[in-house]
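Engineer:
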Amino acid sequence: MDFEDTPELAVFRSEVRDWLDANAQRRTDQLFLGMEGDQAFQEAKAWYKKKSQAGFACLTWPREYGGAGLTPLHEVIWAQEVENYKTRDAHFVIGIGNCGPAIMHFASEEAKVELLPRMASAEDVWCQLFSEPSAGSDVAGLRTRAEPDGDNWILNGQKIWTSGAQYSDYGVVLTRTDPTVSKYRGLTLFMIDMRQPGIEIRPIRQMDGGQHFNEVFFNDAVVPDAYRLGEVGGGWTGALTVLMSERLAISGIQPTGFPQFLELVKSLEINGQPIARDPIVRERLATWYSQYAGLQAANKRMITAVAKGGIAGAEASLGKLVGAVMNQEIANFACQVFGQAGIIQDDSFSPEQGHFQHSVLFSPGVRLAGGTDEVMRNILAEQVLGLPQEPRADKGMAFQDIPTGNS
Ligand SMILES: Cc1cc2nc3c(=O)[nH]c(=O)nc-3n(C[C@H](O)[C@H](O)[C@H](O)COP(=O)(O)OP(=O)(O)OC[C@H]3O[C@@H](n4cnc5c(N)ncnc54)[C@H](O)[C@@H]3O)c2cc1C
Numbered sequence: 006m007d008f009e010d011t012p013e014l015a016v017f018r019s020e021v022r023d024w025l026d027a028n029a030q031r032r033t034d035q036l037f038l039g040m041e042g043d044q045a046f047q048e049a050k051a052w053y054k055k056k057s058q059a060g061f062a063c064l065t066w067p068r069e070y071g072g073a074g075l076t077p078l079h080e081v082i083w084a085q086e087v088e089n090y091k092t093r094d095a096h097f098v099i100g101i102g103n104c105g106p107a108i109m110h111f112a113s114e115e116a117k118v119e120l121l122p123r124m125a126s127a128e129d130v131w132c133q134l135f136s137e138p139s140a141g142s143d144v145a146g147l148r149t150r151a152e153p154d155g156d157n158w159i160l161n162g163q164k165i166w167t168s169g170a171q172y173s174d175y176g177v178v179l180t181r182t183d184p185t186v187s188k189y190r191g192l193t194l195f196m197i198d199m200r201q202p203g204i205e206i207r208p209i210r211q212m213d214g215g216q217h218f219n220e221v222f223f224n225d226a227v228v229p230d231a232y233r234l235g236e237v238g239g240g241w242t243g244a245l246t247v248l249m250s251e252r253l254a255i256s257g258i259q260p261t262g263f264p265q266f267l268e269l270v271k272s273l274e275i276n277g278q279p280i281a282r283d284p285i286v287r288e289r290l291a292t293w294y295s296q297y298a299g300l301q302a303a304n305k306r307m308i309t310a311v312a313k314g315g316i317a318g319a320e321a322s323l324g325k326l327v328g329a330v331m332n333q334e335i336a337n338f339a340c341q342v343f344g345q346a347g348i349i350q351d352d353s354f355s356p357e358q359g360h361f362q363h364s365v366l367f368s369p370g371v372r373l374a375g376g377t378d379e380v381m382r383n384i385l386a387e388q389v390l391g392l393p394q395e396p397r398a399d400k401g402m403a404f405q406d407i408p409t410g411n412s
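Sequence positions in the sequence shown follow the working numbering and run 6 to 412.
#1: To the nearest angstrom, report how far apart residue 376 and residue 277 are at their CA atoms.
#2: With a threshold of 6 Å on Cβ separation, who are the neighbours of residue 155 within its own chain once the five nearest residues in sequence on each side are excluded?
#3: Compare the beta carbon distance of residue 147 and residue 140 with 7 Å and say whether it is the shorter of the two.
#4: Between residue 164 and residue 247, which are expected to be in contact by the criterion C-beta below 8 Å, what is the C-beta distance as a whole number of angstroms?
#5: Under 7 Å between the Cβ atoms of residue 219 and residue 149?
#6: Per DSSP, residue 195 forms a beta bridge with which residues?
#7: Cα-Cα, which of 175, 157 and 339 is closest to residue 281?
#8: Using alpha carbons as the reference points, say which of 381, 335 and 77 lies closest to residue 17.
#9: Considering only residues of the same chain and omitting the five flanking positions on each side of residue 341, which have a CB-CB separation below 7 Å?
#10: Going by C-alpha distance, which of 322, 410 and 298 is nearest residue 252?
#11: Quick check: is any heavy atom of ligand 1 less than 6 Å from the C-beta of residue 385?
#12: Would you mind listing the beta strand (DSSP E) stretches within the stretch 92-156 that are 3+ residues and don't spill past its ends, in chain order?
#13: Could you give the DSSP three-state label for residue 31: helix, strand or coil?
#14: Assign residue 212 to buried or exposed, taking buried as 16 or more other Cβ atoms, counted over all protein chains shown, within 10 Å of its Cβ.
#15: Determine which residues share a DSSP beta bridge with residue 279 and list them.
#16: With DSSP collapsed to three states, give me the class of residue 163.
#17: Where residue 291 and residue 262 are concerned, what is the direct C-alpha to C-alpha distance, given to the nearest angstrom?
#18: Here's the rule: buried if 16 or more other CB atoms are within 10 angstroms of the residue's CB, otherwise exposed. What is residue 232?
#19: Rounded to whole angstroms, what is the Cα-Cα separation between residue 37 and residue 128?
#20: Output yes or no for whether 7 Å exceeds the beta carbon distance between residue 161 and residue 223.
#21: Along the alpha helix (DSSP H) that carries residue 384, what are the first and last residues, could you check?
#22: Round the Cβ separation of residue 66 and residue 125 to the nearest angstrom and send it over; I've been treating them as touching at under 8 Å.
#23: Restricting to runs no shorter than 4 residues, where is the alpha helix (DSSP H) found entirely within the stretch 342-377?
#24: Here's a check: name, in chain order, each residue in its chain whose Cβ is nearer than 7 Å to the Cβ of residue 106, leaving out the five neighbours to either side.
#25: Could you tell me if the beta carbon of residue 141 falls within a distance shorter than 6 Å of some heavy atom in ligand 1?
#26: Quick one: residues in its chain with C-beta nearer than 7 Å to the C-beta of residue 386, no 5 flanking neighbours on either side, listed in chain order?
#27: Considering only residues of the same chain and omitting the five flanking positions on each side of residue 266, which have a CB-CB separation below 6 Å?
#28: Taking buried to mean at least 16 other C-beta atoms within 10 Å of its own C-beta, is residue 382 buried or exposed?
#29: Using 7 Å as the threshold, is the C-beta distance between residue 300 and residue 324 below it?
#30: Would you kindly work out how many angstroms separate the C-alpha atoms of residue 91 and residue 409, rounded to a whole number?
#31: With a threshold of 16 other CB atoms inside 10 Å of the CB of residue 269, please say whether the residue is buried or exposed.
#32: Can you list, in chain order, the residues of its chain whose CB lies under 7 Å from that of residue 394, leaving out five sequence neighbours each side?
#33: Under 7 Å Cβ to Cβ from residue 254, same chain only, skipping five residues before and after it: list those, please.
#34: Hey, residue 189 and residue 151: beta-carbon distance below 7 Å or not?
Right under this line is the structure:
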């Protein structure tokens, strides 16, 4: 594919650049702007509203649902340009990136018109309620129950690791509605109002000091049947839509740490010597450069497929796996290069404003979120290399008959 902009796309790129120059701060550091604290949340909302009013939010969504009705290539151009600015999109990635496509596909027209424009303008924030204490990689093993009650469903159970639940107005929740059939067939997907008495949210503190995710408890939480996404018992299909969108959304923003490491190698001197002269640093730089270049090429292949009307394939899993491992290795290596200063987490003192120290503490989570390394390897093994599927001891069994620690 030719990666030069067409005249129309070149105009769009320059409009994006002009708008970002006028409305966002250029990145001088590479600090990860996460979702920490109420002030950060208010700033993020204000930023996203401005972006939405300017017509740059949800570029590929239809206009009637709050989008700009543009193509995936416009989205790519936006992503390429925005990378050079400090922006706060983290709170909205799960809603717009993961939940939005499933709502677009499975919700009633009435619900779409009611909820999607509010999501697109950051009026409402959404979270994804899939993982449970005993159902992460094997999310179809979840136990949160939804039982019918007239025009409503009543939910009881517990979710965990729910990013941004404390800020969310709504969530997309995967539940078990029938334990008498196989684990994949007894699931139903809903949208849920998070601001109701039947929901309790308990933040989890991470080792980097932040509170990114939460435990969420449902105690007779109420969901109207009109908020059901797809058929009763058809939740796995909806869940796959969310998970595939998640992988694609993550692969677009997956930090690799390479650009920051390159800056460090160019600028850091230790004992009056540029670290760029150190043979071990040079060897690492070359290794990570080749991986980074490979990821860029795979990403371009994915863009080409999407531009031709296809969908992102296994490249999304490859990007997630390789990028997340590289990100953690680079952070660990950089902190070793700093010597004793590597253990000081002070943004005003540390090179690259503490980026590497922050990354040492947060990068392990990036290897788990959206599917662990092992799960990515399984996907690549089965879907790309055509290797046999993993043996499944619960195949063909009703969910309620699958042995557990308690049975
Ligand atoms: C930063 C962060 C944000 C998150 N946000 C959300 C969110 O918003 N919503 C949400 O629902 N969840 C969220 N999660 C949860 C995430 O999806 C799970 O952590 C992930 O799917 C792994 O599940 P688990 O933690 O239960 O680990 P487990 O599934 O228990 O895995 C434990 C270990 O066993 C390995 N393993 C499991 N199955 C296999 C297998 N078949 N083959 C080989 N190895 C295997 C895993 O790779 C891992 O090393 C988030 C997690 C993180 C870290």
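The C-beta atom is built at its ideal place from N, Cα and C for all residues, glycine as well.
Structural biologist: In short, the structure shows the following:
#1: 43 Å
#2: none
#3: yes
#4: Actually they do not touch by this definition, with Cβ atoms about 14 Å apart.
#5: no
#6: 178 and 233
#7: 339
#8: 77
#9: 347
#10: 322
#11: no
#12: 131-134 and 150-154
#13: strand
#14: exposed
#15: 274
#16: strand
#17: 14 Å
#18: buried
#19: With a pLDDT of 48 at residue 37, under the threshold of 50, the predicted position of this residue should be treated as unreliable, though the coordinate-derived value follows. Approximately 24 Å, taken between the alpha carbons.
#20: yes
#21: 378-384
#22: 6 Å
#23: 360-373
#24: 246 and 250
#25: yes
#26: 392
#27: 335
#28: exposed
#29: yes
#30: 47 Å
#31: buried
#32: 387
#33: 98, 102 and 103
#34: no
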